[in-house]
Amino acid sequence: MTAVQVEHQAPLQRYNTFGIVAKAQRLARIRSAADILAVLADAELAALPKFVLGGGSNIVLTGDLRAVVLKVEIRGLRLVEETDRAWIVEAGAGERWHDAVQWTVDHGYPGLENLALIPGTVGAAPVQNIGAYGIELQDRFESLDAVDLQTGQPFTLNAAQCAFGYRDSVFKHPAAGPNDLGLAGRAVVTHVRFRLPRPWKPELDYADLARRQAENSGVPTPRQIFDWVCEIRRAKLPDPGVVGNAGSFFKNPTVSPEQCADIIAREPRIVHYPLPDGRIKLAAGWLIDACGWKGKSVGKAGVYEKQALVLVNRGQGADSVTGGEVMTLARAIQTSVYERFGIRLEPEPVVV
Ligand code: EPU
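Its first residue numbered 9, the sequence shown is counted upward by one per residue in the working numbering.
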């Protein structure tokens with residue numbers, strides 16, 4: 009087995025989309041499942057805690073990382089199966105998510121176009137069950153391969169085993185007992201396979217896309233939807249390459265119909281959507297906006313002026329926002345929303 013290359017005191021600013029300055033005491037680049045086994049076989053590294061890093065688009069770093077950072081850089085995109093009912097496409101966990109979506113559209117395997125331009129890597133997509141514009145990853149998921157960091161065993165999970173929920177999966181939950189499948193901190197995803205149903209059908213239910221469709225005639229092509237989603241996102245979300253951010257900072261909360269009726273009685277304009285299970289989803293961005301936070305800052309942490317659900321880095325380079333500033337702003341927002349609406353907002357990114 010080849011020894012894995014380890015960088016010491018590795019700067020992480022380029023590897024987190026907030027652009028927070030922090031270091032990893034040790035960082036190993038993972039280019040294959042064999043590299044994970046090499047880390048686990050290394051006398052020094054084996055005993056240390058591990059932190060799996062994908063595109064760094066969903067983390068807030070509040071200090072240097074003492075765990076060994078496993079930076080997943082496993083590449084590869086290929087069609088693995090084609091039937092009358094679906095294309096099955098496999099992507100390496102280290103591929104950029106948007107590049108993988110673009111590749112499927114370019115090669116004529118549509119179905120992921122509503123998820124264009126989401127920052128991050130393929131491997132992080134199932135962890136988060138990423139979603140946008142009417143589709144969640146779980147709607148296009150076939151299976152994934154991962155390696156267990158405790159045993160070194162490779163394993164494969166199907167959709168049911170991933171226990172997907174709204175921005176949630178088995179990878180976000182620690183094991184509660186010996187028979188519990190919670191995999192937080194325990195697995196490295198190496199490959200993800202997507203099931204892209206045939207015949208392809210456009211998904212245009214989300215209001216922003218329905219509006220585009222109304223302005224155009226006929227059935228749009230996958231490429232058109234891909235372009236629309238890119239335009240919509242560019243118009244209201246900051247480009248992490250220009251303004252550091254981690255996408256939506258809070259999850260959209262859900263409430264019971266009774267709670268919702270109570271809030272509507274006080275706030276008739278509140279943006280809300282009924283869910284299939286009878287509960288009601290509220291737009292967290294609207295709640296934060298209604299509390300007057302849009303465009304405000306605390307230190308170098310700001311609330312994006314076009315979408316109050318996104319917190320941004322108002323600093324640059326060495327003078328960037330700190331994780332502490334981001335969390336101070338996040339807590340101030342949580343307090344305002346709780347005091348006004350009685351709703352506790354839950355952060356989406358992982359705070360480390
Ligand atoms: N709104 C406001 N003020 C704001 C922001 C939003 O009034 O400052 C209102 C909007 O007018 C709209 C509603 O809130 O009526 C919802 O806003 P939007 O369509 O922008 O979507 P969202 O619920 O804020 C979610 C996802 C996004 C995803 C979009 C599109 C979450 C936490 N966020 O945002 O995902 O791109 O829908 O599907 O579910 C992410 O997770 O990082 C992310 C960007």
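Just so it is clear, CB atoms sit at the ideal spot from N, CA and C, and this is done for glycine as well.
List the whole-angstrom C-beta distance separating residue i from residue j, where the pair is believed to meet the contact cut-off of C-beta under 8 Å.
{"i": "TYR174", "j": "LYS259", "result": "7 Å"}
{"i": "LEU204", "j": "TRP95", "result": "5 Å"}
{"i": "ASP216", "j": "ILE240", "result": "5 Å"}
{"i": "SER256", "j": "VAL318", "result": "6 Å"}
{"i": "ASN137", "j": "SER177", "result": "5 Å"}
{"i": "ALA154", "j": "VAL196", "result": "6 Å"}
{"i": "LEU245", "j": "GLY160", "result": "Contact flag wrong, Cβ pair sits at about 39 Å."}
{"i": "ASP327", "j": "ARG206", "result": "Not quite, the Cβ-Cβ distance comes to about 51 Å (not below 8 Å), so this is no contact."}
{"i": "ASP43", "j": "VAL88", "result": "So it is not a contact: roughly 22 Å between Cβ atoms."}
{"i": "VAL360", "j": "THR70", "result": "7 Å"}
{"i": "ALA41", "j": "PRO162", "result": "6 Å"}
On a CA-only basis, which of the options is nearest residue i? Give me that one, please.
{"i": "ALA192", "options": "ARG220, GLN158, ASP107", "result": "GLN158"}
{"i": "ARG83", "options": "PRO57, SER264, GLY100, ARG22", "result": "GLY100"}
{"i": "PHE26", "options": "GLY128, GLY102, VAL47, ALA51", "result": "GLY128"}
{"i": "GLU356", "options": "GLU89, SER305, GLY116, GLY139", "result": "GLY139"}
{"i": "LEU20", "options": "ALA41, LEU56, ASP43, GLY64", "result": "GLY64"}
{"i": "ARG242", "options": "GLN315, LEU189, PRO210, VAL306", "result": "GLN315"}
{"i": "VAL80", "options": "GLY131, ARG339, ARG277, VAL155", "result": "GLY131"}
{"i": "ALA168", "options": "ALA54, GLU150, GLN13", "result": "GLU150"}
{"i": "THR336", "options": "GLY310, ARG194, LEU85", "result": "GLY310"}
{"i": "ARG274", "options": "VAL251, ARG37, ALA298", "result": "ALA298"}
{"i": "PRO182", "options": "ALA218, ASN166, GLN161, VAL135", "result": "VAL135"}
{"i": "GLY300", "options": "ILE341, ILE288, GLY323, ASP156", "result": "ILE341"}
{"i": "LYS304", "options": "GLY332, ALA338, TYR281, TYR141", "result": "ALA338"}
{"i": "ASP213", "options": "LEU189, THR198, TYR281, CYS238", "result": "TYR281"}
{"i": "GLU354", "options": "THR198, GLU347, ALA292, LYS302", "result": "ALA292"}
{"i": "CYS170", "options": "GLY190, LEU283, LYS302", "result": "GLY190"}
{"i": "ASP235", "options": "TYR141, VAL345, GLN324, LEU283", "result": "TYR141"}
{"i": "ASN24", "options": "TYR346, VAL345, GLY331", "result": "GLY331"}
{"i": "ARG348", "options": "LYS180, LEU283, ARG22, ILE278", "result": "ILE278"}
{"i": "ASP156", "options": "LYS58, LEU283, ARG352, HIS115", "result": "LYS58"}
With burial defined as no fewer than 16 other Cβ atoms inside 10 Å of the residue's Cβ, what is the status of residue i: buried or exposed?
{"i": "ILE272", "result": "exposed"}
{"i": "PHE202", "result": "buried"}
{"i": "GLU98", "result": "buried"}
{"i": "ARG220", "result": "buried"}
{"i": "GLY62", "result": "buried"}
{"i": "GLU103", "result": "buried"}
{"i": "ARG194", "result": "buried"}
{"i": "PRO261", "result": "buried"}
{"i": "GLY323", "result": "buried"}
{"i": "THR198", "result": "buried"}
Are residue i and residue j touching if we call contact CB-CB under 9 Å?
{"i": "ARG34", "j": "GLU15", "result": "yes"}
{"i": "LEU123", "j": "LEU145", "result": "yes"}
{"i": "ALA30", "j": "ASP72", "result": "yes"}
{"i": "GLU121", "j": "VAL109", "result": "yes"}
{"i": "ARG148", "j": "GLY119", "result": "yes"}
{"i": "ILE126", "j": "GLU211", "result": "no"}
{"i": "ILE28", "j": "VAL60", "result": "no"}
{"i": "GLY307", "j": "VAL329", "result": "yes"}
{"i": "LEU53", "j": "ALA32", "result": "no"}
{"i": "LEU290", "j": "VAL263", "result": "yes"}
{"i": "ASN66", "j": "ALA184", "result": "no"}
{"i": "ASN321", "j": "VAL251", "result": "yes"}
{"i": "TRP208", "j": "PRO228", "result": "no"}
{"i": "GLY286", "j": "PRO265", "result": "yes"}
{"i": "ILE296", "j": "GLN267", "result": "no"}
{"i": "ALA18", "j": "VAL113", "result": "no"}
{"i": "ALA133", "j": "VAL237", "result": "no"}
{"i": "TRP111", "j": "LEU85", "result": "yes"}
Does the CB of residue i have a neighbour CB from chain C at under 9 Å?
{"i": "ALA326", "result": "Checking the listed chains, one finds no chain C in this structure; it contains a single protein chain."}
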